[in-house]
Every structure is written in structure tokens, then in C-alpha cells.
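Chains as they are written, first to last, in this note's numbering: chain A, 10 to 111; chain B, 10 to 111.
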């Protein structure tokens, strides 16, 4: 449970609703979103850097512009994405996540 | 924006993720959830009575056990469902909603 947050009621809806999220600001003023990704392949662009925590589910991630490989993340793991970049995901199982804008 | 709420991070996931929601408690102690329904047909059971506010989207609703007909709801409209009952929905357009447990 996150206590004392300011929650925006309206959802963000992407990819025909296969990716959705809601924004909130925690009690320390940090902007975050909680979201769900259904199985599929997606590309996201960042403005701020992001920390992605996987609450449940399983996905593979490829960060762009780096000599990186696809990495798999599941419940309890997290990854960071640089500002002004993009990342590809392949969602293997319905993924519930928390994104913190850094 | 709903200020000073306690937000449960883990999502509720139904119907293979085509219906998802997150629970929170508002600053007056009222329990609510914010959710998304993707197009499809679903049945939900209630324990507490519920007020459903449609933030965006469009769906048809049939309350059970009443001499009622299918009724259409869209952005800005709301309906109430009695406790210990059920309702059927046909989601025509991705529906973003807020449910208040009465």
C-alpha cells in the first residue's frame, strides 16, 4: 500500500488498451505510474529516465542504443531506462508494473 | 485528481487481463477502485453495493434479478448495482471507470 498519494483518475491507454496505466504522485512528490501490459510486443519512448518494477508477470526487454541483449524480468525484479531513449518489450505473461520517473 | 488516497499497488486482473482494476481508499475512508474494461462481454458479482462512474468509453449494462433492460452508459454517466447481485456488461469501446463501494 502506498499511503497519502495523489491519484489521477483518468487512465493512460496505449496499444488499443493492451497497455494501460494511471499516474500518481507519492507523498514525497515523486511521480509514478501503475500499469498493466497484456501479452504482446511494444515499444516505449522515455522523456525522463524510468525505473520499472515488475509487480507480477514476465517480460523481455531490449534497451535501445546500447550494446545490450534481450533480458527477462519477472515478479520482484526491476530495470532502469535512460532519459530520452526507447525500449522494446515482449510481454510473455500479463505484467503488472510500477514505473517511477527518475 | 484524488488527493491523499491510500493506493494498493497490486492490480486485480480478471478475464485474462481484459478487465483490470486497482483498489484505493480515499481521504474519507471510502473504498474505491479504478479500472479498465476492454471490449467484450463480462459478468460481475457484487458483495457491497457499487456505484460505477464511466470516465471514458461506452458499455451496455444489464442488472440481474430485476425487470430491467440493457442500458447504455458512456463518459460522464454512472449507474448503481445492488449488494449481493450481479450485472452483465457488453463493452463497446474501451471503458475507463471508477467504482465506489457503497
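The beta carbon of each residue, even a glycine, is placed where N, CA and C say it ideally should be.
Limits of the unbroken beta strand (DSSP E) element including residue i
{"i": "residue 76 of chain A", "result": "Run containing residue 76 of chain A: none; DSSP gives neither H nor E here."}
{"i": "residue 15 of chain B", "result": "11 to 16"}
{"i": "residue 99 of chain A", "result": "95 to 110"}
{"i": "residue 90 of chain B", "result": "87 to 90"}
Simplified DSSP assignment, three categories, for residue i
{"i": "residue 44 of chain B", "result": "strand"}
{"i": "residue 66 of chain A", "result": "strand"}
{"i": "residue 55 of chain B", "result": "coil"}
{"i": "residue 61 of chain B", "result": "strand"}
Beta-ladder partner(s) of residue i, from DSSP
{"i": "residue 29 of chain B", "result": "B:22, B:45"}
Proximity of residue i and residue j at Cβ, strictly below 8 Å
{"i": "residue 56 of chain B", "j": "residue 109 of chain B", "result": "no"}
{"i": "residue 70 of chain B", "j": "residue 80 of chain B", "result": "yes"}
{"i": "residue 72 of chain A", "j": "residue 99 of chain A", "result": "no"}
{"i": "residue 49 of chain B", "j": "residue 24 of chain B", "result": "yes"}
{"i": "residue 95 of chain B", "j": "residue 52 of chain B", "result": "yes"}
{"i": "residue 19 of chain A", "j": "residue 105 of chain B", "result": "yes"}
{"i": "residue 17 of chain B", "j": "residue 32 of chain B", "result": "yes"}
{"i": "residue 66 of chain A", "j": "residue 102 of chain A", "result": "yes"}
{"i": "residue 58 of chain A", "j": "residue 89 of chain A", "result": "yes"}
Within chain A, the residues that residue i reaches when beta carbons sit closer than 8 Å
{"i": "residue 99 of chain B", "result": "Here the premise fails: no neighbours, minimum Cβ distance about 16 Å."}
{"i": "residue 19 of chain B", "result": "64, 65, 105"}
{"i": "residue 52 of chain B", "result": "Those do not exist, as residue 52 of chain B stays about 20 Å from chain A at its closest Cβ, beyond 8 Å."}
{"i": "residue 10 of chain B", "result": "15, 16, 17, 18"}
Contact list for residue i against chain A, beta-carbon separation under 7 Å
{"i": "residue 14 of chain B", "result": "14, 16"}
{"i": "residue 26 of chain B", "result": "45, 47, 103"}
{"i": "residue 33 of chain B", "result": "16"}
Contact list for residue i against chain B, beta-carbon separation under 8 Å
{"i": "residue 109 of chain A", "result": "What residue 109 of chain A touches in chain B: nothing, since even the nearest Cβ is about 12 Å away."}
Residue i: CB within 7 Å of a non-hydrogen atom of the ligand NAD
{"i": "residue 84 of chain A", "result": "You won't find the ligand NAD in this model; it holds no ligand whatsoever."}
Neighbour list for residue i in chain B, Cβ cutoff strictly below 9 Å
{"i": "residue 61 of chain A", "result": "In chain order: nothing, as chain B lies at least about 13 Å away."}
{"i": "residue 81 of chain A", "result": "Going along chain B, no residue has its Cβ under 9 Å from residue 81 of chain A, so there is no contact; the nearest lies around 19 Å."}
Contacts of residue i in chain B (Cβ-Cβ under 7 Å)
{"i": "residue 55 of chain A", "result": "Near residue 55 of chain A there are no residues of chain B at all, since even the closest Cβ is about 21 Å away, more than 7 Å."}
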